[in-house]
Amino acid sequence: MGILNVTPDSFSDGGRWFDPELALDHALTLLKDGADVIDIGGESTRPGALPVSEEEEAARVVPLVAAIAGSAIVSVDTMKASVALAAIEAGAQIVNDVSGGRHDPEMLRVVAESRVGFIAMHMQGEPRTMQLEPHYSNVVREVTAHLVESRNSALDAGVSEDAIMLDPGIGFGKSLQHNLSLLAHIEDICAATSSPILIGASRKSFIGSIQKTGSDAMMREDGTTATTVWALEHGASMVRVHNVADAHRAVEIVRSLSMAKSVGA
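Each residue of the sequence shown is one higher than the one before, starting from 1 at the first, in my numbering.
This is the structure we're talking about:
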């Protein structure tokens, strides 16, 4: 899944693709580089981010969805049902909701009636406050339970079981150790939730903390690639990344090695 933020304030590339023509060009580049899905977001969910209006968010994402939906699987990254519906009508096939359907009570109904895919993420708190001393007694157990609740709520609303994917929310209300624990237990989360798992760790600050590269998100590409390979090798069905080309090359190497191992010497 290639990330396309059409926002002025996202943590990694805020403002870079805010111009519609540049955004469209970048979407085509992500596809050329190997993206299976383009995830378009019009509201930053970085730590400390402030919300934008439904009208502004829709104005940012819907024209771009319409422009590329004919040549790509498009996901819309939104917590707002009205934005999701407008994007679906423009051709989006997946709704990626960082609140797991909890922010807007109409979201699950829109997803169910539209018969599109649904990605439900875990987040402790909300973007503005989520990184203010996040706390868990057992992060893997609590996040897993939250994801199961999100899955069951979606099913109860009429969302098809095979349309649901879950995301433990790396970097969303998590400390460094919380993120590492979740990544180390992807297989356990997969087994407990009975759903495919998406991992979105691309350029997150925990990578910079480990590598001691500071606040420059662009210096986290090596760590992102390592995390991508780890996630896919330990049960994740999809990874959400900014740099699709690097991720795709790394995955191809791992696949080749796995095939060689299965064939034997």
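C-beta atoms are modelled at their ideal positions from N, C-alpha and C, and glycine is treated no differently.
How many whole angstroms separate the CB atoms of residue i and residue j, which I take to be in contact at a CB cut-off of 8 Å?
i, j, result
"leucine 85", "proline 20", "Rounded, the Cβ-Cβ distance is 21 Å, inconsistent with contact."
"valine 143", "proline 127", "About 17 Å; that fails the 8 Å criterion."
"isoleucine 73", "serine 114", "With a Cβ gap of about 15 Å, isoleucine 73 and serine 114 do not count as contacting."
"isoleucine 80", "glutamate 56", "A small correction: the amino acid at residue 80 is lysine; isoleucine does not occupy that position in the sequence shown. So it is not a contact: roughly 11 Å between Cβ atoms."
What span of residues does the beta strand (DSSP E) with residue i cover, start to end?
i, result
"valine 62", "Per DSSP, valine 62 belongs to no beta strand (DSSP E); it is in the alpha helix (DSSP H), 54-68."
"valine 76", "73-77"
"isoleucine 38", "37-41"
Taking the Cβ atom as the reference point for each residue, do residue i and residue j lie within a distance shorter than 9 Å?
i, j, result
"alanine 92", "serine 71", "no"
"isoleucine 164", "phenylalanine 118", "yes"
"arginine 203", "alanine 217", "yes"
"leucine 108", "alanine 157", "yes"
"threonine 228", "alanine 247", "yes"
"valine 140", "leucine 182", "yes"
"valine 37", "alanine 23", "no"
"glycine 235", "arginine 220", "no"
"methionine 1", "aspartate 39", "yes"
"alanine 273", "alanine 231", "Any property of residue 273 remains undetermined from this structure, which presents the chain solely from 1 to 265."
"histidine 146", "histidine 122", "yes"
"leucine 166", "serine 150", "yes"
"glutamate 233", "valine 254", "yes"
"glutamate 54", "serine 99", "no"
"alanine 94", "alanine 27", "For the sequence presented, residue 94 should be read as isoleucine rather than alanine. Not in contact: isoleucine 94 and alanine 27 (Cβ atoms no closer than 9 Å)."
"alanine 90", "valine 110", "no"
"glycine 41", "asparagine 96", "yes"
Tell me which residue opens and which closes the alpha helix (DSSP H) that residue i is part of.
i, result
"glycine 223", "221-233"
"serine 181", "176-184"
"leucine 4", "Here leucine 4 belongs to no alpha helix (DSSP H); instead the beta strand (DSSP E) covers 2-5."
"aspartate 246", "244-263"
"isoleucine 197", "No alpha helix (DSSP H) contains isoleucine 197, which DSSP labels as neither H nor E."
"aspartate 25", "20-32"
"glycine 208", "205-211"
Nearest by alpha-carbon distance to residue i: which of the options is it?
i, options, result
"serine 160", "Val116, Gln211, Ser237 and Ile68", "Val116"
"histidine 135", "Ile210, Lys174, Glu54 and Val95", "Lys174"
"aspartate 77", "Thr45, Ile170 and Glu106", "Thr45"
"alanine 191", "Ser237, Ile170 and Leu155", "Ser237"
"serine 153", "Thr193, Asn179 and Asp33", "Thr193"
"leucine 30", "Gly125, His242, Asp222 and Val52", "His242"
"methionine 130", "Gly42, Leu50 and Pro8", "Leu50"
"leucine 132", "Gly171, Ala184 and Glu113", "Gly171"
"glycine 34", "Met259, Ser258, Glu252 and Ser195", "Glu252"
"isoleucine 210", "Asp188, Asp162, Asn179 and Val52", "Asn179"
"leucine 155", "Ile186, Ala120 and Val52", "Ala120"
"alanine 226", "Arg60, Gly101, Leu4 and Ala184", "Ala184"
"glutamate 43", "Asp162, Lys32 and Ile3", "Ile3"
"serine 195", "Ala59, Asp162, Lys32 and Thr213", "Asp162"
Check whether the Cβ of residue i sits closer than 8 Å to any heavy atom of the ligand ZN, and report yes or no.
i, result
"leucine 31", "Among the ligands in the structure shown, none appear at all, so the ligand ZN cannot be discussed."
9 Å is my cut-off, CB to CB: does residue i come that close to chain D?
i, result
"alanine 23", "In the displayed structure, chain D is absent; only one protein chain is listed."
Discussion item. Runs of 4 residues minimum, wholly inside the stretch 86-171: which ones carry the alpha helix (DSSP H) assignment?
Written reply: Every alpha helix (DSSP H) of 4 residues or more that sits fully in the stretch 86-171 is shown, in chain order, as 107-114 and 139-156.
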